[in-house]
Amino acid sequence: MISGPSPSTKGPGMDWSKRHGESEVFCTEDDFGEDAFVDSSRFVVVHGAGSFGHFQASKSGVHKGGLGQPLVKAGFVATRISVTSLNLEIVRALAREGIPSIGMSPFTCGWSTSERNIASADLSMVAKAIDSGFIPVLHGDAVLDELQGCSILSGDVIIRHLAAQLKPEYVVFLTDVLGVYDRPPVEPNAVLLREIAVHDDGSWDVVKPVLQNMTKVETTVAAHDTTGGMMTKITEAAMIARLGIDVYIVKAATSYSLRALSGELRGNIPDDWFGTVIRFMS
Numbered sequence: 003m004i005s006g007p008s009p010s011t012k013g014p015g016m017d018w019s020k021r022h023g024e025s026e027v028f029c030t031e032d033d034f035g036e037d038a039f040v041d042s043s044r045f046v047v048v049h050g051a052g053s054f055g056h057f058q059a060s061k062s063g064v065h066k067g068g069l070g071q072p073l074v075k076a077g078f079v080a081t082r083i084s085v086t087s088l089n090l091e092i093v094r095a096l097a098r099e100g101i102p103s104i105g106m107s108p109f110t111c112g113w114s115t116s117e118r119n120i121a122s123a124d125l126s127m128v129a130k131a132i133d134s135g136f137i138p139v140l141h142g143d144a145v146l147d148e149l150q151g152c153s154i155l156s157g158d159v160i161i162r163h164l165a166a167q168l169k170p171e172y173v174v175f176l177t178d179v180l181g182v183y184d185r186p187p188v189e190p191n192a193v194l195l196r197e198i199a200v201h202d203d204g205s206w207d208v209v210k211p212v213l214q215n216m217t218k219v220e221t222t223v224a225a226h227d228t229t230g231g232m233m234t235k236i237t238e239a240a241m242i243a244r245l246g247i248d249v250y251i252v253k254a255a256t257s258y259s260l261r262a263l264s265g266e267l268r269g270n271i272p273d274d275w276f277g278t279v280i281r282f283m284s
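Below you can see the structure in the form of structure tokens.
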């Protein structure tokens with residue numbers, strides 16, 4: 003996700019844990035010179051749950067609340083086990099590449115909701131981690147809700163709240179497609195929306211390319227997705243853009259995503275970059 007020289011050829015990285023069947027990792031001070039780690043600057047990583055959490059949450063109805071019901075309470079526990087397991091795997095992958103990442107769960111950091119809207123979110127540890135040179139890695143999570151007992155807090159909503167409080171220069175959404183399309187990208191004649199302008203009132207228009215008779219973007223949501231899919235991403239991205247923060251939605255593990263993460267796209271968007279930029283236009 004973050005460009006830079008790979009430290010994997012220089013040392014053991016930061017994942018020293020031993021798994022079944024693996025040998026011990028031995029490290030010395032010589033393994034960690036000044037150039038041993040990737041220059042990860044001041045990034046925050048937020049990931050969703052995908053198949054690690056949406057199925058459990060949907061099956062038990064955690065997103066609808068009702069902690070008094072045994073199935074919901076069991077589903078809450080199962081969802082948290084799944085999403086924290088995924089978070090650990092992502093943190094380990096980053097650590098092996100020399101990225102000083104720290105997993106942080108919204109639930110254990112004291113985040114909560116009220117009717118599925120953020121009610122409290124303590125960012126003190128996130129800010130301290132950044133100031134100490136770490137990369138916080140947060141995730142979509144099952145949290146307590148003041149009115150309905152519990153809910154699912156999506157990674158997209160977390161990103162919007164972080165952006166409002168931390169004021170980053172830009173936000174990058176990494177997906178498995180090039181960006182936002184006018185319809186599901188698997189459909190014939192789907193068109194990649196290169197630039198979306200957000201206005202003061204929260205409305206938005208497609209600036210590039212110019213499309214005729216387009217009043218909305220058609221999206222689909224997987225049956226097990228409890229957080230709204232691509233439409234939630236667009237909505238949250240538009241709210242971030244209203245803060246004056248450019249948002250890039252781009253395919254992961256491509257040169258386009260690396261260029262977005264590097265900050266190259268601030269200002270004019272190059273013609274040879276493929277993705278979607280969402281920005282405020284007064």
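In our numbering, the protein residues as written are 3 to 284.
Don't be surprised by glycine CBs; every beta carbon is placed ideally from N, CA and C.
Alpha carbon to alpha carbon, how far is S126 from S257? Give it in angstroms, no decimals.
By 1-based counting over the sequence shown, the position of residue 257 is 255. By 1-based counting over the sequence shown, the position of residue 126 is 124. In a straight line, the C-alpha of S257 is about 34 Å away from that of S126.
Could you pull out every residue in the same chain whose Cβ sits closer than 6 Å to the Cβ of P170, ignoring the five residues on either side in sequence?
Working through the sequence shown from its first residue, we reach residue 170 at position 168. Excluding positions up to five away in sequence, the list is empty.
Starting from I101, follow the beta strand (DSSP E) in both directions and report where the run begins and ends.
The residue given as residue 101 occupies position 99 in the sequence shown. I101 -> no beta strand (DSSP E), and no H or E assigned at all.
If distances are taken between C-alpha atoms only, which option among L140, V74, S153 and E148 comes closest to I161?
Here residue 161 refers to the residue found at position 159 of the sequence shown. Of the listed residues, the one whose Cα sits closest to I161 is L140.
Grab me the residues of V209's own chain with a C-beta within less than 6 Å of its C-beta, minus the 5 sequence neighbours each way, in chain order.
Start at 1 with the first residue of the sequence shown, and residue 209 comes out as number 207. If we look at V209 and ignore the five residues flanking it on each side, its Cβ neighbours are E197 and A199.
What is the rounded straight-line gap between the Cα of K66 and the Cα of I242?
Position 64 of the sequence shown holds residue 66. Position 240 of the sequence shown holds residue 242. Computed Cα separation, rounded: 26 Å.
In chain order, which alpha helix (DSSP H) runs of at least 4 residues are fully inside the region 38-95?
Entirely contained in the region 38-95, the alpha helix (DSSP H) runs reaching 4 residues are, in chain order, 56-62.
Looking only at its chain, what residues have a beta carbon closer than 6 Å to the beta carbon of S10, apart from the 5 residues adjacent to it on each side?
Looking up residue 10 in the sequence shown gives position 8. Residue placement at S10 cannot be trusted, given a pLDDT of 40 that sits under 50; what the coordinates show is reported in the next sentence. Counting only Cβ-Cβ distances below 6 Å, and skipping sequence neighbours, we find nothing.
Taking the alpha helix (DSSP H) that K130 falls in, what are its first and last residues?
For the purposes of this step, residue 130 is taken as residue 128 along the sequence shown, with counting starting at 1. That run of the alpha helix (DSSP H) goes S126 to D133.
Is T229 helix, strand or coil when you go by DSSP?
Position 227 of the sequence shown, counted from the start, is the residue given in the question as residue 229. For T229, the pLDDT reaches just 44, beneath the cut-off of 50, and the residue's location in the model is therefore unreliable, although a value from the coordinates is still provided. Correct three-state label for T229: coil.
Comparing alpha-carbon positions, which option in S62, D158 and A80 lies nearest L73?
Taking the sequence shown and counting its residues from 1, one reaches residue 73 at position 71. Here the closest residue by C-alpha is S62.
Whole angstroms is fine: what's the gap from V188's alpha carbon to S153's?
For the purposes of this step, residue 188 is taken as the residue at position 186 of the sequence shown. For the purposes of this step, residue 153 is taken as the residue at position 151 of the sequence shown. Going by the C-alpha atoms only, they are around 31 Å apart.
Classify M16: buried if its beta carbon has 16 or more other beta carbons within 10 angstroms, exposed otherwise.
Within the sequence shown, the letter at position 14 stands for residue 16. The residue is buried, with at least 16 neighbouring Cβ atoms inside 10 Å.
Is the beta carbon of D147 less than 8 Å from the beta carbon of S114?
The residue labelled residue 147 in the question sits at position 145 within the sequence shown. The residue labelled residue 114 in the question sits at position 112 within the sequence shown. Against a cut-off of 8 Å, the Cβ pair of S114 and D147 comes out as a contact.
Count the other C-beta atoms from every protein chain shown that fall within 10 angstroms of the C-beta of M283, then say buried if there are 16 or more, exposed otherwise.
The sequence position of residue 283 within the sequence shown is 281, counting from 1. Exposed, because fewer than 16 other Cβ atoms sit within 10 Å of the Cβ of M283.
Any idea what DSSP makes of K253, helix, strand or coil?
For this step, residue 253 is matched to residue 251 along the sequence shown. Looking at K253 - three-state DSSP - the assignment turns out to be strand.
Among S84, G246 and G100, which has the Cα closest to the Cα of W18?
Translated into the one-based positions of the sequence shown, residue 18 becomes position 16. Of the candidates S84, G246 and G100, the one whose C-alpha sits nearest the C-alpha of W18 is G100.
Mind listing, in chain order, the continuous beta strand (DSSP E) runs of no fewer than 3 residues lying wholly within the region 123-211?
Counting only runs of 3 or more, we get 137-141, 143-147, 151-155, 172-177, 197-200 and 206-210.
For Q58, does the count of other Cβ atoms within 10 angstroms reach 16, so buried, or fall short, so exposed?
Position 56 of the sequence shown, counted from the start, is the residue given in the question as residue 58. Buried.
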